[in-house]
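Each residue of the first sequence is one higher than the one before, counting from -6 in the numbering used here.
First the structure, in the form of structure tokens, and then the observations on it.
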Amino acid sequence: MGSRLTISTPNDYDLVRDVCSYGYFVLAPNHWDTKKHTLTRPLHLEEGPATAVITQTGKGKLRASFDRILSREEQAQARAQITRMLRLDEDESHSKQFHGVDPRWKKSGRARLFRSPTLFEDVIKTVTSCNVAWPSTVNMNKQMARHLGQKGCFPTAARVSRTRVGTLRGRCRVGYRDQRIVDLAKLFHKGEIDEAWLTDRSTDDDDVFTFLKSLPGIGPYAAGNIMMLLGRYSRLAIDTETVRHGKAALGLKGTDRQIIKKLEKHYEPFGEFKFKSYWFELWTFYEDYQGPSETWDREETATAFTAANF
DNA sequence: GGTAGACCTGGACGC
DNA sequence: GCGTCCAGGTCTACC
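Right, here's the structure in full:
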């Protein structure tokens, strides 16, 4: 029997709703159990990998059960990673502020977007989502966890920085992203990505955006997406899905360039929460087609979430 | 500052 | 079952 941690959450936290809120929850090594409503996730800790099964035990309370005993230090590390992943740092007042700006989500309570236990994983997952259909993103993450991750964990920056580009391409099927992924891992491993500066509220959004765009493999879309993952929601991450959403859900007309301008204008009133307003609109559209997100299974989304199905 | 073409994978489609 | 086409965001070279 392993360690069990009780984790306090904001009162409005809902594990089912708040985990199943962004596509990364179905990407390896995350496993969402669609029946038991638990999140299983292997974490890198000081003495090696440990897998957590996270369940909601009541209002404001989660339980994380591990497959081995954790030291005191490891318990603190696990808490920190789970807090980041589940966005437990965004308290009720943050949700209320968002719902004040965009009341459409007040009833459902949607306010948080699932992310990864580390910024490195978020950045690599973003790169694997660029210029590919969703099934390839699913596969790249699955293969990286399988071939490079210790006991099924997502690989660390140190491990990826030592990996040959041919291995990433051949085994993990990342294609031309191979060199960019290794270069990003080296930057993280050498400590050249200053996470404290990126998350500091006094750092300007424009400066963060400019810095992110200077990283290998990160363009305007990826930088906008990583800003969301850093908790900065003042920008959109515009890709072909955004344009499709503008046409299909908002009825916008014109060339892609014109539609993008109209989208920027459409989301302008949501100010600091633009990304959330956009994302929950898009998410609702996906749920209308595929059913509630808590019923989505990784393998099913890999086949169901193709452009042809939208 | 704007744009064309290359990059790689996997799904869709035609035969 | 095989071959071909296409979608997807970033990067480089060029105007």
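Each residue gets a CB set at the ideal place from its N, CA and C atoms; glycine is no exception.
All of these numbers come straight from a predicted model, not from anything done at the bench.
Is it a yes or a no for the segment 71 to 84 touching the segment 96 to 113, going by three-plus beta-carbon pairs under 8 Å?
yes
As assigned by DSSP and simplified to three states, the class of Thr33
Position 40 of the first sequence, counting from 1, holds the residue named residue 33. Thr33: strand per DSSP, three-state reduction.
Cβ neighbours of His30 in the same chain (closer than 8 Å, five flanking residues each side left out):
Within the first sequence, residue 30 is the residue found at index 37, counting from 1. So the list reads Leu8, Val9, Thr48, Gln49, Glu287, once near-sequence residues are dropped.
Measuring only the C-alpha atoms, how far is Ile27 from Lys135?
Locating residue 27 in the first sequence gives position 34, counting from the first residue. Locating residue 135 in the first sequence gives position 142, counting from the first residue. Checking the displayed sequence, the identity of residue 27 turns out to be Thr instead of Ile. Rounded to the nearest angstrom, the two C-alpha atoms are 19 Å apart.
Could you please give the first and the last residue of the uninterrupted alpha helix (DSSP H) stretch that includes Ala71?
Counted from its first residue, the first sequence places residue 71 at position 78. From DSSP, the alpha helix (DSSP H) with Ala71 extends over 65 to 79.
Quick one: give me the first and last residue of the beta strand (DSSP E) that Asp26 is part of.
As a working mapping, residue 26 is identified with position 33 in the first sequence. Unbroken beta strand (DSSP E) run through Asp26: 24 to 26.
So Ser64 packs on Ala45, CB below 8 Å; how close in whole Å?
Within the first sequence, residue 64 is the residue found at index 71, counting from 1. Within the first sequence, residue 45 is the residue found at index 52, counting from 1. Not really, about 15 Å apart at Cβ, beyond 8 Å.
DSSP state of Ala43, grouped into three classes?
Locating residue 43 in the first sequence gives position 50, counting from the first residue. Three-state DSSP puts Ala43 in a strand.
With three or more beta-carbon pairs closer than 8 Å as the criterion, would you say the segment 273 to 292 touches the segment 9 to 20?
yes
Simplified DSSP state of Ala230, which is helix, strand or coil:
Counting from 1 along the first sequence, the entry for residue 230 is found at position 237. Three-state result, Ala230: coil.
Output the boundary residues of the alpha helix (DSSP H) element that contains Arg250.
In the first sequence, counting from the first residue as 1, residue 250 sits at position 257. Note, Arg250: alpha helix (DSSP H), 249 to 260.
In angstroms, rounded to a whole number, what distance separates the CA positions of Gly102 and Asp5?
Taking the first residue of the first sequence as position 1, residue 102 is located at position 109. Taking the first residue of the first sequence as position 1, residue 5 is located at position 12. Approximately 8 Å between the Cα atoms of the pair.
How should Met(-6) be labelled, buried or exposed, when 16 other C-beta atoms within 10 angstroms of its C-beta is the threshold for buried?
In the first sequence, the residue the question calls residue -6 occupies position 1. Exposed: under 16 other Cβ atoms inside 10 Å.
Can you tell me whether Ala189 is buried or exposed? The criterion is at least 16 other CB atoms within 10 Å of its CB, across all chains shown.
Within the first sequence, numbered from 1, the residue matching residue 189 stands at position 196. Per the 10 Å Cβ criterion, exposed.
Please go through the segment 80 to 112 and give each complete alpha helix (DSSP H) segment of 4 or more residues, from N-terminal end onward.
85 to 94
Cα-Cα separation between Arg176 and Leu36, rounded to whole angstroms
Locating residue 176 in the first sequence gives position 183, where the first residue counts as 1. Locating residue 36 in the first sequence gives position 43, where the first residue counts as 1. Here the sequence assigns Asp to residue 176, which means Arg is not the residue at that position. Near 23 Å, if we compare the C-alpha coordinates of Leu36 and Asp176.
Between the C-alpha atoms of Asp198 and Arg97, what's the straight-line distance to the nearest angstrom?
Taking the first sequence and counting its residues from 1, one reaches residue 198 at position 205. Taking the first sequence and counting its residues from 1, one reaches residue 97 at position 104. For Asp198 and Arg97, the distance between alpha carbons rounds to 26 Å.
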